[in-house]
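Student:
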Amino acid sequence: MKRIAVSGADRDPSGAHHLSDDAIKSAGGVEIGERIVIFLVDEPLECDAVVQSFAGWEPHLFGREIGLWREPRP
């Protein structure tokens, strides 16, 4: 799965994280509905997520958390 960095400030109360254009490019692009791993820039935590868009926020993409945050896997 692709890993994409997000900041804690990118977090929405719904569990969605804004995926920056640079992060998407460095991951080689993503598709809506694709499962990814997001990780926090400032903390050693990662979480499974799914790529989504939200009405009114196009063209921005978000990674919505699936499950719990965990320490990064080796």
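To convert, note that position 12 of the sequence shown is 1408 in our numbering; the numbers rise steadily by one, no gaps.
All residues carry an ideal CB built from backbone N, CA and C; glycine is no exception.
(1) DSSP on A1412, reduced to helix/strand/coil?
(2) Near A1401, which residues of its chain fall below 7 angstroms by C-beta distance, leaving aside the five closest residues on each side in sequence?
(3) Pick from A1405, K1398, P1468 and P1409: whose alpha carbon is nearest that of P1440?
(4) Give me the DSSP bridge partner(s) of A1445.
(5) I'd like to check one pair, E1461 with A1445: are the Cβ atoms closer than 8 angstroms?
(6) Apart from the five residues just before and just after G1459, which ones in its own chain have a Cβ nearer than 8 angstroms to its Cβ?
(7) CA-CA distance, G1425 and L1457?
Tutor: Working from what's here:
(1) It is a strand residue.
(2) Once the five neighbours on either side are set aside, the close Cβ partners of A1401 are A1419, F1435 and V1437.
(3) Answer by Cα proximity: P1468.
(4) A1445 is bridged to I1432 and E1461.
(5) Contact: yes.
(6) These residues qualify, in order along the chain: I1400, V1402, A1412, H1413, L1415, I1432, I1434, A1445, V1446, V1447 and Q1448.
(7) In a straight line, the C-alpha of G1425 is about 11 angstroms away from that of L1457.
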